[in-house]
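Notes for the one structure printed next.
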Amino acid sequence: MKAITKLLTAIMLAGVAATSATSAMADGAKIFVIGGKADDPFWSKVKKGADDAGKVAELTGGSVTWLGPQNYDNLGPDAAKLIRTALSQKPSAIVGPDWVPEAMDDAFKEVVAAGVPLIIYNSGGMDAAKRLGAMNYVGNEEYAAGLGGGTYYGSHGSKNVLCVNTLPGATNTEDRCKGIADAITKSGGKSTQLPLPSSSFGNPTAVAEAIKAAVLKDNTIDGVITISAGDANSAANAISQANAGDKVKLASFDMDETGLQRIKAGTQMFAVDQQPYLQGYLAVSLLNGFANYGLDLPTKPVLTGPGIVDAANVDATMAGAAAGAR
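The numbering of the sequence shown is the working numbering, which starts it at 887 and goes up by one.
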């Protein structure tokens, strides 16, 4: 009799579990991710991370939707429209970068006011997350990343570094260049910013010509760092065309396979890495866990960088790049 009772109880509990699982799958998290252009080499890695985390969300009946601008010409206002578009879809949670606070903060505050869980990622740091009432920040601290790059330059003898900014006015890129300048000043050098119109972002000819002109105009420039991997490819061409390869040390924030090949070959000194794949993956995973199970991390912020990739660790990094995650 006891055995029969135990069996019936087990069957009943299994039925309850199955019903709960079905209910969870039916009510899965509907997560919207605001990011860059999907064909941007950096943001494609962030999107891959978000998509991979989205596979878990889909198993519980949820979804992950990526929203990105057509271009970066009007970045802040366009991003604010995307945030409001996401909010209009009655989401379970939203992930977004605080690129241009003066244009985007009001939209983020509308998200929080509506009771929608929010994570800031990639740009803005924990200060933005606190200011906006977001749950957390996932990503890089950009000023700290700039300090790391400037310190590396200074420790390797550079005295005049040009920071090429093709997204001037964006909080993250401005902080990168400021960090470079502050760190290299401490080692007795200097850094100036070369701000280029946002329309030049992704235009290799325009970026290369501007860098070449700057290097030829000032022969004391001994370092060029770009705010993106794509711009570093343009910078490499510019340095070559200016016949300055023996003097000007190239570096970049972020990296692609071409840049990694240059580091391995010795024609690029280093890259400042923020692990974009992890930014997308962790932000979506955290919100999916919170929406479904009330899970939250006491670790705030969740930092994915900065790190330095140079000749010492480039081989391991290239293996990750081959898999589309670095």
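Cβ coordinates follow ideal geometry from the N, Cα and C atoms, glycine included.
Residue i: CB within 7 Å of a non-hydrogen atom of the ligand FAD
i, result
"Gly1166", "Because no ligand of any kind appears in the structure shown, any question about the ligand FAD cannot be addressed here."
Three-way DSSP call (helix, strand, coil) for residue i in this model
i, result
"Asp991", "helix"
"Gln1127", "helix"
"Gly1011", "helix"
"Tyr1038", "helix"
"Ala910", "Because Ala910 carries a pLDDT of 38, less than 50, the predicted location of this residue cannot be relied on, and no value is offered for it."
"Gly962", "helix"
"Gly947", "coil"
"Val942", "helix"
In DSSP terms, what residue i is bridged to
i, result
"Gln1079", "Cys1049"
"Asp1159", "Gly1193"
"Phe1139", "Val1158"
"Gly1109", "Val1047 and Lys1135"
"Leu953", "Ile920"
"Asn1022", "Ile1005"
"Val1188", "Val1024"
Rounded Cβ spacing between residue i and residue j (contact assumed at less than 8 Å)
i, j, result
"Ala972", "Ile980", "5 Å"
"Trp985", "Asn1058", "7 Å"
"Val1200", "Leu1146", "6 Å"
"Asn1046", "Gly1075", "6 Å"
"Asp1159", "Pro1187", "Not confirmed; about 17 Å, so no contact."
Closest by C-alpha distance to residue i, when choosing among the options
i, options, result
"Gly940", "Ser974, Ala1169, Asp1104 and Thr1112", "Ala1169"
"Ile1111", "Ser1085, Gln1079 and Ser1126", "Gln1079"
"Ala1118", "Asn1105, Thr1106 and Glu1095", "Glu1095"
"Asn957", "Asp926, Leu1004, Ser1126 and Arg1017", "Asp926"
"Gly1109", "Ser1041, Lys967 and Pro1083", "Ser1041"
"Thr1052", "Leu1004, Thr1153 and Gly1116", "Gly1116"
"Ala1056", "Asp937, Gln1161, Asn1008 and Val997", "Asn1008"
"Ile1113", "Ala1157, Ile1070 and Met1021", "Ala1157"
"Val932", "Gly1175, Ala1197 and Gln1165", "Gln1165"
- prompt: How do the region 1063-1077 and the region 1025-1037 stand: do at least 3 beta-carbon pairs fall below 8 Å, yes or no?
  reply: yes
field: Contact the region 940-959 vs the region 1183-1193: 3+ CB pairs below 8 Å
entry: no
query: Taking contact to mean at least 3 C-beta pairs separated by less than 8 Å, is the region 1131-1149 in contact with the region 1094-1111?
result: yes
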